[in-house]
Amino acid sequence: MTTKPPMFNYASFCKDLSINAVNDQIRSLLFNNYNDNRSIIVSSSSSSKTFKKSDYILITKEIWKLFMNQITLKKFSFWRSPWSHMNYINFTFYPGAKNYLKNLSELNCSSDTSDISSDFFYQLSKICHNIRSLMINFEKHISKGLSDLIIVQKNLKYLSIIEPYMNCKDLTDLLSILPDTLIKLYLCYGEEHYIPLSFITKFTNLQELELSFNYNFTFRDFKKLQHVTFPQLQILKFECLCPTYEELINFLKNNGKNLKEFCTVENNNSINLAIAKFCPNLKKLSAGFRSNELETLRMVFNSCQYLESIKIMRCDDAFLYEIDALELIAKYSPKSVFELKLHYSDKLKSELLPEILESFFIMWSNRVPQRLLSLIIVDFDLNRFDPNSLDTKDENMAIIIGRRYAELGVIRTFKIIDFLED
């Protein structure tokens, strides 16, 4: 380590700052330094190697001083950390902090800021009034001042709420003070408990709504939304489960006309028919179609003439076989389509044999006008696909065929990816 100042002001270029990333770098620096100098301290509670808390705090203070002397920050992130006993530094009181944070536009954080300072949110509320994007990972404890921070935001556009393992009343009270300026809302809940959704009705300018719930019970309050119209809504996603079919169909009846993107992992012919009936302007669609629903898929294509991207979810053996689905897509999908995804659950194997794939590419090459296609297989069992393997398995042959037709200019790309990459 050296006391010499850096030759270049790297901090002045930092517009995206993460407390956790800074802490990780400091710990790495200290561990390496102590390892080099053989002055490692062993904690009394375990045999693991650690370092002096005083050194950590000293270095952290100097780093925050360095950042606070810069012009401005746009994005700021911090999450609860197992090293919370070493994070107690209130940098909002540093000289220059007000100017550095006053133009903050994106904040990603935990609801419990005891890692940093108990009044961190309150101090931010005195400085930051122009946050446009807010992501909160809710925990059992909400630090005081979070409501103060939210209530002073006059231009909040994007809100993400993740895993609220907390008192429902506390969450309801907090949601009730949200400004009605939101245009994008993302809610992610992994636990089975009641979540108030009626607060969403106030966001009449909402353009994007994404609900990721693991339990049907969490959708109980959706009945209050099914008849509400959001005239600006363009993107609607249900990443895990979805509301009852009747409630979702009612929602599409009121809001489907303006939708540009719709995503559901559920399969229900009534929902697919509702898509064809109420969502004529879709550009991106993700849905499941069973093998006896080819006519419904064709109806969707006839109705949704602006489609550009299609993802077909396949979750059981009754879902569309590739040979049937690909032939229908090649013949009847809108001419605007340039991306096709086939998504498999963890229980299914692809039946995309090389001869089926080649037949599809030939049919695609005969479309007029022809548009380059990206074909993507999304699979839970990616290990059985090895693009570098030299064996003659069907999957590897499919990859070779895909590369050949990409070189011929029929398709843009053919990929097999893990579901986490999707």
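In this note's numbering, the protein residues as written are 125 to 546. A virtual CB, placed ideally from N, CA and C, is assigned to each residue, including glycine.
Assumed close pair residue i, residue j - CB separation to whole angstroms, cut-off 8 angstroms
i	j	result
S142	F202	7 angstroms
I260	S235	6 angstroms
Y318	R344	6 angstroms
S489	R536	So it is not a contact: roughly 13 angstroms between Cβ atoms.
T325	L349	7 angstroms
N279	I307	About 11 angstroms separates the two Cβ atoms, so there is no contact after all.
Other residues of its chain near residue i: CB distance less than 6 angstroms, five sequence neighbours each side excluded
i	result
C366	L372, T388 and E390
K539	I500
Y310	S284 and E334
M423	A400
Y456	R422 and F425
Where residue i falls, given that 16 or more other Cβ within 10 Å makes a residue buried
i	result
Q277	buried
P511	With a pLDDT of 45 at P511, under the threshold of 50, the predicted position of this residue should be treated as unreliable, and no value is reported.
N426	exposed
G269	buried
I486	exposed
E315	exposed
N396	buried
D304	exposed
T342	buried
K198	exposed
V502	buried
S394	exposed
S178	exposed
Sequence-distant residues of its chain with Cβ nearer than 7 angstroms to residue i (five each side left out)
i	result
P478	D518, M521, A522 and I525
N340	L365
N351	The sequence as given places His at residue 351; Asn does not occur at that position. Answer for H351: N374 and N378, listed in chain order.
L421	F413 and L452
F484	L450 and A454
A442	Note that A442 scores 49 on pLDDT, short of 50, meaning its location in the model is unreliable and no value can be drawn from it.
S169	A caution first: S169 carries a pLDDT of 41, below 50, which makes its placement in the model too unreliable to give a value.
Other residues of its chain near residue i: CB distance less than 8 angstroms, five sequence neighbours each side excluded
i	result
V146	T184 and I187
E419	none
L589	Beyond the ends of the chain as shown, which are 125 and 546, falls residue 589; an answer cannot be given.
C428	I399, A400, C403, P404, N405, L406, L409 and P458
K381	F402, C403, P404 and N405
V461	L431, E432, S433, I434, I453, R495 and L497
N150	Asn is not the amino acid found at residue 150; the sequence shown has Ile there. Cβ neighbours of I150 beyond the five flanking positions: Y180, I183, T184 and I187.
**Asked** Which runs of the alpha helix (DSSP H) spanning at least 4 residues fall entirely within the stretch 264 to 350, listed in chain order?
**Response** 270 to 275 and 292 to 300
**Request:** Counting only runs of 4+ residues fully inside the stretch 358 to 404, write out the alpha helix (DSSP H) ranges in chain order.
**Result:** 369 to 379 and 393 to 402
**beta strand (DSSP E) runs contained entirely in the stretch 449 to 495, provided each spans 3 or more residues** = 463 to 468
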